[in-house]
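J.: Take this structure first; my questions come after.
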Amino acid sequence: MFYPGNIDRPNIGRVKLSQMENDQTYTAFQGDQQIAAGSLSEMLPRVKERFDRGDNTSLLIFEDQTGRQVDFDLRGTVEDAIARAVPPQPRTGPGRPRLGVVSREVSLLPRHWEWLEQQPHGASATLRRLVDQARKHEPGEQAARLAMAAADRFMSVMAGNLPAYEEASRALYAADRERFERLIQEWPRDIRSHTLRLAENAFRPDEGTSR
979 MFYPGNIDRP NIGRVKLSQM ENDQTYTAFQ GDQQIAAGSL SEMLPRVKER
1029 FDRGDNTSLL IFEDQTGRQV DFDLRGTVED AIARAVPPQP RTGPGRPRLG
1079 VVSREVSLLP RHWEWLEQQP HGASATLRRL VDQARKHEPG EQAARLAMAA
1129 ADRFMSVMAG NLPAYEEASR ALYAADRERF ERLIQEWPRD IRSHTLRLAE
1179 NAFRPDEGTS R
């Protein structure tokens, strides 16, 4: 369970928070070449194919949304690998598992409970609506920060030894698109293309997350 904040504070209530299945995507590289991209079920079979034939040197996988490097247990069949990567969520309370709803817990102060109890559609529906509204109207500045962090994580792994890496990182955080693109121009094509894709929102703070 995940409990934001201090769970030992007195008078803090807890409410179940349903979470729809996310839309996480991944990109796999072997050396400086991109070999697969997409959802877990789209990306992992192509990666496992190389793993099974022993062609797994310099094989790295990254989350697109965060730029973080991730590892998967590729033993057994591809179905086994996917099942281990996405373990079934135990049902601990009311929910709609066919829609991908799972239960987690968040901590709420009394004033939050009082406000939720006044809402006409119940606490869970109200919280889902608030989360969806926040995602749709995410401030451009926050979207820019997330894009900068994702691109920089990927760059630190895949481009840390490439020419002008440090200067490119500084240009990224300065939101200087022209200088950034110029500095990474000589990088291997797939690394450059993926870096630009991750960094896109870093240079469009006023346009939110739309593409």
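The sequence shown lines up with residues 979 to 1189 when you count with this note's numbering.
Backbone N, C-alpha and C define an ideal beta-carbon position, used for all residues, glycine too.
Measuring straight from C-alpha to C-alpha, what distance separates A1177 and V1056?
T.: 31 Å
J.: Is it a yes or a no for the region 1090-1107 touching the region 1047-1056, going by three-plus beta-carbon pairs under 8 Å?
T.: no
J.: Got a sec? Which residues, its chain only, sit under 7 Å from R1046 by beta carbon, not counting five neighbours each side?
T.: F1040 and R1131
J.: Judging by CA-CA distance, which residue of A1153, A1122, L1105 and L1018 is the nearest neighbour of E1083?
T.: L1105
J.: Would A1152 be called buried (16 or more neighbouring beta carbons within 10 Å of its own) or exposed?
T.: exposed
J.: Can you find the residues in the same chain that come closer than 7 Å, C-beta to C-beta, to L1150, ignoring five residues on each side of it along the sequence?
T.: Residues of the same chain with a CB within less than 7 Å of the CB of L1150, apart from the 5 flanking positions on each side, are M1126, A1129, D1130, F1158, A1177 and A1180 in chain order.
J.: According to DSSP, simplified to helix, strand and coil, what is T1104?
T.: helix
J.: Between which two residues does the alpha helix (DSSP H) holding I1169 run?
T.: R1167 to A1177
J.: Taking only the alpha-carbon atoms, compute the straight-line gap between S1220 and Q1012 and give it to the nearest angstrom.
T.: Any property of residue 1220 remains undetermined from this structure, which presents the chain solely from 979 to 1189.
J.: Could you check whether I1162 and A1146 sit closer than 8 Å to each other, using their CB atoms as the reference points?
T.: yes
J.: Rounded to whole angstroms, what is the Cα-Cα separation between P1141 and E1164?
T.: Distance between the alpha carbons of P1141 and E1164 is about 8 Å.
J.: By how many angstroms is the C-alpha of A1063 removed from the C-alpha of P1088?
T.: Cα to Cα, P1088 sits roughly 37 Å from A1063.
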